[in-house]
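Taking it in order: structure first as structure tokens, then the write-up.
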Amino acid sequence: MPGREVYVGFDLGGSFLKASSFSLDGELQERRSIDTQWCMRAQNYLDLFKDAAKSLSSDKCLMGIGVAVAGVLDLDAGKIIDSPNLPVLCGVPLLGMLENSFSPIPLQMMNDANAAALGEYFAGAGEGYESMFILTLGTGVGGGFVRNGEIWRGASGMAGEIGHMAIEINGKQCTCGSHGCLEAYFSSWALVRDAKAHAKRYPDSAIGSLDKISPISLSELAGSGDDEARAIWENGGYALGVGIANIMNLLNPECIVLAGGLVNAKDYFLPTAQNAWEENSFEQASSSSKVFLGKLGEWAGVRGAIQPFL
Ligand SMILES: [Zn+2]
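Each position in the sequence shown, counted from 1, maps to that position plus 10 in our numbering.
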């Protein structure tokens, strides 16, 4: 029956399970954001998946389920190998558990940055372009390269890890164990680390007087004209711009899409980032690789997760 069949896309992150239903041609129908911070066991997550799928397809026929997960995945084994934000699910054969719950409905699983890339490529800022690189700017920095509608996965699915590209030899310590990674300069945790160091050194400064240092409070402070908060965004923005210049020189994609929560502070980092990518890339590369902000916001991943069915 036309219009009665749906796909459901999921995006599982550290704090929320996002879920949306889509028509068979990929048009958004309904969506939900479900708090997962109380989940202590894999079964808790599984129950949330089942409840959400049921409520989004209650009077309809569920034709396929796409799942995006924040973490490094072994897609052959259907496992989450590593995920700092989902420690309970590390090593858990999530794909098999979901397949058992939803059988015989077909199921696809992918990494959340790849899902966001496909979402923006097919239904967001990258629509109509042949090649697109996405940077997801949030707690960490993820990336994905799409060309002719296909994600470039690399030899073992590790392609696109732009957050851990070194932009400074022997630079700042990164959470991955290496030094000088882009993420160690421009990510939520890196900006908060820099602001905390500033607050410790200058306790009487506006940053030192913040109740809670977060990207949101730092961006509010920058918006109120505080030069020290602005300098933190600009330093991070310069590093981001160097990373973007490297993407332009290496791949020269038709467009580069900036997505993720930090994009909300674009007024404070984007002008400096632009100076940096123009200074550090070939003119022919930067003039032909357009930089856009994502259009789907935090909902890019759920849309990308169902793309394999379309
Ligand atoms: Zn790193």
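Built from N, CA and C at the ideal position, the CB exists for glycine as well.
For Glu15, the uninterrupted beta strand (DSSP E) segment begins and ends at Glu15 to Leu22. Secondary structure in the segment 42-124: the alpha helix (DSSP H) runs of 4 residues or longer, each lying completely within the stretch, are 52-66 and 104-112 in chain order. Only residues of its own chain outside the window of five on either side were considered, and among them Leu147, Gly148, Ser198 and Pro225 have a CB closer than 7 Å to the CB of Leu272, listed in chain order.
Each residue's CA atom was taken as its position, placing Ala62 and Gly106 some 18 Å apart.
Ser219 and Gly251 have their alpha carbons spaced roughly 30 Å apart. Around the C-beta of Ala205, 16 or more other C-beta atoms lie within 10 Å, and the residue is accordingly described as buried. Across the set Met73, Lys89, Val202 and Phe155, the C-alpha of Lys89 shows the shortest separation from the C-alpha of Ala80.
Distance between Ala283 and Glu244, taken at the CA atoms: about 8 Å. Judged by the Cβ position, Ala216 fails to qualify as a neighbour of ligand 1 at the 7 Å threshold, every heavy atom of the ligand being at least this far. Gly153: member of the beta strand (DSSP E) spanning Val151 to Arg157, first to last residue. Within the same chain, Cβ atoms closer than 7 Å to the Cβ of Cys186 are found at His174, the five residues on either side in sequence being excluded.
Under DSSP, Glu40 shares a beta bridge with Ser31. Nearest neighbour of Tyr212 by Cα position, chosen from Val202, Glu238 and Asn285, turns out to be Glu238.
For Ala52, same chain residues with a beta-carbon under 8 Å away, outside a window of 5 residues either side, are Val98, Leu99, Val102, Leu104 and Met107 in chain order. By the Cβ-count criterion, Arg14 is exposed, with fewer than 16 other Cβ atoms from all chains shown falling within 10 Å of its own Cβ. Taking all protein chains in view, the Cβ of Lys64 is surrounded by fewer than 16 other Cβ atoms within 10 Å, so the residue is classified as exposed. Its Cα nearest to that of Gly159, the residue Glu137 stands out among Glu137, Gly152 and Ser166.
For the pair Met119 and Val82, the CB atoms are not nearer than the 8 Å cut-off. Within the same chain, Ser30, Ser31 and Leu66 come within 8 Å of Glu40 by CB-CB distance, once the 5 residues on both sides are set aside. Taking C-alpha positions only, Ser43 is separated from Leu58 by approximately 11 Å. Counting only heavy atoms of ligand 1, the residues whose C-beta sits closer than 6 Å to one of them are, along the chain, His174, Cys184, Cys186, Ser188, Cys191 and Glu193.
With fewer than three CB-CB distances shorter than 8 Å, the segment 297-307 does not count as touching the segment 175-184.
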